[in-house]
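S.K.: Before anything else, here's the structure in question.
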Amino acid sequence: MTEQVSFAEATAVAPAGPDRWSACIPPSWNVPVGIHGGVLMATTLRAARARLDDPSLPMRTAHGSFFARPSTNGLTIATDQLRRGRTTAHVAADASAEGADEVALSTRSLFTRIRSDESHLDVAQPDVPAPDACPGDGMGDDEGPLARPPLFAQFEVRRAFGTYPWADDWAPGLPMRYARWSRFAVTPALDDGTIDPLALLPLADLPGPAVWTHYGPEEPFRLLVSLELTFHVLEPVTDEWILADFSARWLGQGYTLTQCDLWSGGRLVAHSIQSMLLRTVD
């Protein structure tokens, strides 16, 4: 049975010299090929947040460039405050495998002061059943090609919309879309009771089913490899159940462009867009 480790513990960072931080992501937060990209990015951005060290400037936007998968779960993260103003700050944070010179993930993040309580949303949450009315996610079922990742033991998942190409309800021509509800086994709550926005990154970096829907059950399986990920934090997360609505907007030339809307309590709390490489595997 996969060990359950809280998100805060899994992505914790510790000072390791001037503007440097160390971290060690436990294997229980991995996927079969190693460290999960969303967990890696969340850990790296935790170091950026620690470098800024100003709760009055919450993270607004982050961009990550994935250069290589770290060879170890131990990390060294180098940070640099690029700009600090009264209302905004920009921080760079680059993560490398412990003892390695090559950067595995390079991030740039924007932190902003809240300037107004005005809020307007021009889109509605997808009309999907509530979590209790949804089936399990199906990731790692016996009939599919995937082993259930250790990462999925860290939260409960329910399929709200979409299917897998190896499932009985798959049919050609389905929209390249997939939505799932997720709830962490250990709620990553901050002191004010809201969910840590960094915890949304692992949920946003799971767009695979939206892409796999395009392919039939007899076609080779496609592994998705993250190249670039941009993540926008919009509203505080107040509900434990979070809806991730994925769509693959474009696919071609061996790559795909996906996006994800994250919903909590009927509010759009985050949005991400991701460029990924498609790798055919047996």
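Mapping of the sequence shown onto my numbering: position 275 corresponds to residue 1146, and the numbering continues sequentially without gaps.
Cβ atoms here follow ideal geometry from the backbone N, Cα and C, with glycine treated the same way.
#1: Pairs of beta-carbons, one from the region 982-990 and one from the region 936-946, closer than 8 Å: are there three or more?
#2: Give me the Cα-Cα distance between Asp-1062 and Pro-926, rounded to the nearest whole angstrom.
#3: Is it true that the CB of Val-962 sits closer than 9 Å to the CB of Asp-1132?
#4: Per the DSSP calculation, Ile-948 is bridged to which residue(s)?
#5: I'd like to know if the region 1117-1133 and the region 1044-1054 are in contact, where contact means that at least 3 CB-CB pairs between them fall below 8 Å.
#6: When you compare only the Cα positions, how much space is there between Pro-1175 and Leu-1017?
#7: What's the call for Arg-917, buried or exposed, on a 16-neighbour Cβ count within 10 Å?
#8: Could you name the residues that DSSP lists as bridge partners for Ser-1118?
#9: Go ahead and label Val-999 buried or exposed: buried means 16 or more other beta carbons lie within 10 angstroms of its beta carbon, across all protein chains shown.
#10: What does the alpha-carbon distance come out to for the pair Asp-972 and Arg-922?
#11: Are the beta-carbon atoms belonging to Glu-969 and Thr-943 less than 9 Å from one another?
#12: Would you report the Cα separation of Arg-1054 and Ala-1115, rounded to the nearest angstrom?
#13: DSSP state of Ser-936, grouped into three classes?
#14: Which of the three DSSP states is assigned to Val-910 in this structure?
#15: Okay, do the region 899-913 and the region 1022-1030 touch, 3+ Cβ pairs below 8 Å being the bar?
#16: Between the alpha carbons of Pro-1059 and Pro-929, how many angstroms are there, rounded?
#17: DSSP has Met-1010 in a bridge; who is on the other side?
#18: Is the beta carbon of Phe-1102 less than 9 Å from the beta carbon of Ala-1042?
#19: Taking the alpha-carbon positions, what's the Ala-1001 to Asp-1040 distance?
#20: Is Ser-1146 near Leu-1098, with beta carbons less than 9 Å apart?
#21: Using only the alpha-carbon positions, how far apart do Arg-891 and Pro-1078 sit?
#22: Identify which residue in Glu-1089, Arg-1138 and Val-1104 has its Cα closest to the Cα of Ala-933.
#23: Under the three-state reduction of DSSP, which class applies to Ser-980: helix, strand or coil?
#24: Using a Cβ-Cβ cutoff of less than 6 Å, which residues in the same chain neighbour Glu-1089 once the five nearest sequence positions on both sides are dropped?
#25: How is Glu-880 classed by DSSP in three states: helix, strand or coil?
#26: For the alpha helix (DSSP H) that Leu-1071 lies in, which residues bound it at each end?
#27: Looking at Ala-975: is its Cβ nearer than 9 Å to the Cβ of Ala-964?
#28: For Thr-1065, which residues from the same chain have a beta carbon less than 8 Å from its beta carbon, with the 5 sequence-adjacent residues on both sides left out?
#29: Just to confirm, is the Cβ distance from Ala-919 to Ser-980 under 9 Å?
#30: Take the Cβ of Val-1152 as the centre, count every other Cβ of all protein chains shown within 10 Å, and call the residue buried at 16 or more, exposed below.
M.R.: This is what the structure holds:
#1: no
#2: Within the sequence shown, numbered from 1, the residue matching residue 1062 stands at position 191. Within the sequence shown, numbered from 1, the residue matching residue 926 stands at position 55. So the alpha carbons of these two residues sit roughly 11 Å apart.
#3: Numbered from 1 along the sequence shown, position 261 holds the residue referred to as residue 1132. Numbered from 1 along the sequence shown, position 91 holds the residue referred to as residue 962. Not a contact, by the Cβ cut-off of 9 Å.
#4: Translated into the one-based positions of the sequence shown, residue 948 becomes position 77. Looking at the DSSP assignment, Ile-948 forms a beta bridge with Trp-892 and Ala-966.
#5: yes
#6: Residue 1175 lies beyond the range of the chain shown here (872 to 1153); nothing can be said about it.
#7: Here residue 917 corresponds to residue number 46 of the sequence shown, with the count starting at 1. When all chains shown are included, Arg-917 counts as buried.
#8: Locating residue 1118 in the sequence shown gives position 247, where the first residue counts as 1. Ser-1118 pairs with Arg-1048 and Gln-1130.
#9: For the purposes of this step, residue 999 is taken as residue 128 along the sequence shown, with counting starting at 1. By the 10 Å Cβ count, Val-999 comes out buried.
#10: By 1-based counting over the sequence shown, the position of residue 972 is 101. By 1-based counting over the sequence shown, the position of residue 922 is 51. Rounded to whole angstroms, Asp-972 to Arg-922 spans 21 Å at the Cα level.
#11: Against the sequence shown, residue 969 aligns to sequence position 98. Against the sequence shown, residue 943 aligns to sequence position 72. Taking 9 Å as the Cβ cut-off, Glu-969 and Thr-943 qualify as a contacting pair.
#12: Indexing the sequence shown from 1 puts residue 1054 at position 183. Indexing the sequence shown from 1 puts residue 1115 at position 244. Whole-angstrom Cα-Cα distance: 11 Å.
#13: Locating residue 936 in the sequence shown gives position 65, counting from the first residue. Note: Ser-936 maps to strand in three-state DSSP.
#14: Indexing the sequence shown from 1 puts residue 910 at position 39. If DSSP states are grouped into helix, strand and coil, Val-910 belongs with the helices.
#15: yes
#16: Residue numbering aside, residue 1059 sits at position 188 when the sequence shown is read from its first letter. Residue numbering aside, residue 929 sits at position 58 when the sequence shown is read from its first letter. The straight-line gap from Cα to Cα measures roughly 16 Å.
#17: As a first step, residue 1010 must be located in the sequence shown, where it is residue number 139. Partner(s): none; Met-1010 has no beta bridge.
#18: Position 231 of the sequence shown, counted from the start, is the residue given in the question as residue 1102. Position 171 of the sequence shown, counted from the start, is the residue given in the question as residue 1042. It is not a contact, given that the beta carbons lie outside the stated cut-off.
#19: Position 130 of the sequence shown holds residue 1001. Position 169 of the sequence shown holds residue 1040. Spanning the two alpha carbons is a distance of roughly 20 Å.
#20: In the sequence shown, the residue the question calls residue 1146 occupies position 275. In the sequence shown, the residue the question calls residue 1098 occupies position 227. Yes.
#21: By 1-based counting over the sequence shown, the position of residue 891 is 20. By 1-based counting over the sequence shown, the position of residue 1078 is 207. Cα to Cα, Arg-891 sits roughly 31 Å from Pro-1078.
#22: Here residue 933 refers to the residue found at position 62 of the sequence shown. Of Glu-1089, Arg-1138 and Val-1104, the residue nearest in Cα terms is Val-1104.
#23: Looking up residue 980 in the sequence shown gives position 109. Ser-980 falls in the strand class under three-state DSSP.
#24: The residue labelled residue 1089 in the question sits at position 218 within the sequence shown. So no residue of the chain qualifies.
#25: By 1-based counting over the sequence shown, the position of residue 880 is 9. In this structure, Glu-880 counts as helix in the three-state DSSP scheme.
#26: For this step, residue 1071 is matched to residue 200 along the sequence shown. 1071-1075 is the extent of the alpha helix (DSSP H) around Leu-1071.
#27: Sequence index remark: in the sequence shown, residue 975 carries index 104 (1-based). Sequence index remark: in the sequence shown, residue 964 carries index 93 (1-based). Taking 9 Å as the Cβ cut-off, Ala-975 and Ala-964 do not qualify as a contacting pair.
#28: On the sequence shown, residue 1065 is found 194 positions in, with the first residue counted as 1. The answer, listed in chain order, is Pro-1107, Val-1108 and Thr-1109.
#29: Here the question's residue 919 lines up with position 48 in the sequence shown. Here the question's residue 980 lines up with position 109 in the sequence shown. Cβ atoms of Ala-919 and Ser-980: closer than 9 Å.
#30: For the purposes of this step, residue 1152 is taken as residue 281 along the sequence shown, with counting starting at 1. Exposed, since its Cβ has fewer than 16 Cβ neighbours within 10 Å.
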